[in-house]
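Visitor: Going by numbering that gives the first Met the number 0, the first residue of the sequence shown is number 0, and it counts up by one from there.
Ideal placement from N, C-alpha and C gives every residue a C-beta, glycine not left out.
Structure below; questions to follow.
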Amino acid sequence: MDVQHLPGDLSIEEKLERLIRVNHAGEYGALRIYAGQLAVLKGTSCEDILQEMLDQEKVHFAYFDDEMKKRRVRPTLLSPLWHGLGFALGVVTARLGDKAAMACTVAVEDAIDDHYRAQEEMLEKIPQESELKEKITQFRVEEQEHKEIGLAHGAEQTPGYRLVYGAIKNASRAAIWLSSRL
């Protein structure tokens, strides 16, 4: 027996709503993290690279913001929390130094890579969403570039890197899970 949809499974529309909601929240969180880091690291050697990554995140955010409006998807109820926590994470990691700021980028982007790959797999089964899938693929590649930039700028030299990386990656995973549902 081929069962494709079980009671309690989300409809395609519900899956797409969650996808748009969580991606919007994630890109907003990224904006806030970089804003916090730039508030501390303005005028330093890594200001330009942080600004470039922030500018790219602004493009990602604008895309999902437009998709939310077009598809009439409400934002996550946790936006005010991500507003403060994202900025705080940026400030704290930047105060630990430019390498810790880059470690934050590496950890967040690793979580995002897993997240976007799962979305690409889901969208593979929804041919009418090929444009959305292409955008997510493009954004995933760009997020991976951010990770590579972080690694190239000494992220792994952060004291306690494995702990910092693990804590931020797991917090990012939790934020993804919560934002898709609330």
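1. Should Asn169 be labelled buried (16 or more other beta-carbon atoms within 10 Å of its own) or exposed?
2. Spatial neighbours of Arg94 within its chain, please: C-beta separation below 7 Å, excluding the five flanking residues on both sides.
3. Following the continuous alpha helix (DSSP H) through Ala154, name the residue where it begins and the one where it ends.
4. When the Cα atoms are used, what is the spatial distance from Asp113 to Thr136?
5. What distance in whole Å lies between the Cβ atoms of Ile148 and Met67, which are believed to be in contact at a cut-off of 8 Å?
6. Counting only the same chain and skipping the five closest in sequence on each side, list residues whose C-beta sits under 8 Å from that of Gly153.
7. Taking its Cβ as the centre, do 16 or more other Cβ atoms sit within 10 Å of Glu176, making it buried, or is it exposed?
8. Quick one: what does DSSP say Lys124 is sitting in, helix, strand or coil?
9. Any chance the segment 77-84 sits against the segment 114-130, with 3 or more Cβ pairs inside 8 Å?
10. Report back the beta-carbon spacing between Ser178 and Val21 to the nearest angstrom; my notes put them in contact at under 8 Å.
11. Over what stretch of residues does the alpha helix (DSSP H) that includes Pro79 continue unbroken?
12. Short of 6 Å in beta carbon distance, which residues of its chain neighbour Gly7, apart from the five on each side in sequence? Order them along the chain.
13. What are the boundary residues of the alpha helix (DSSP H) that Gly186 is part of?
14. Exposed or buried, which one is Ser171 when buried takes at least 16 other CB atoms within 10 Å?
Guide: Quick look at the numbers:
1. exposed
2. Val39
3. Here Ala154 belongs to no alpha helix (DSSP H), and DSSP marks it neither H nor E.
4. 12 Å
5. Rounded, the Cβ-Cβ distance is 28 Å, inconsistent with contact.
6. Asp97, Lys98 and Met101
7. The amino acid occupying residue 176 in the given sequence is Trp; Glu does not appear at that position. Answer is exposed; the Cβ neighbour count stays below 16.
8. coil
9. no
10. 5 Å
11. Ser78 to Arg94
12. none
13. Here the chain has residues from 0 to 181 only, and residue 186 is not among them.
14. buried
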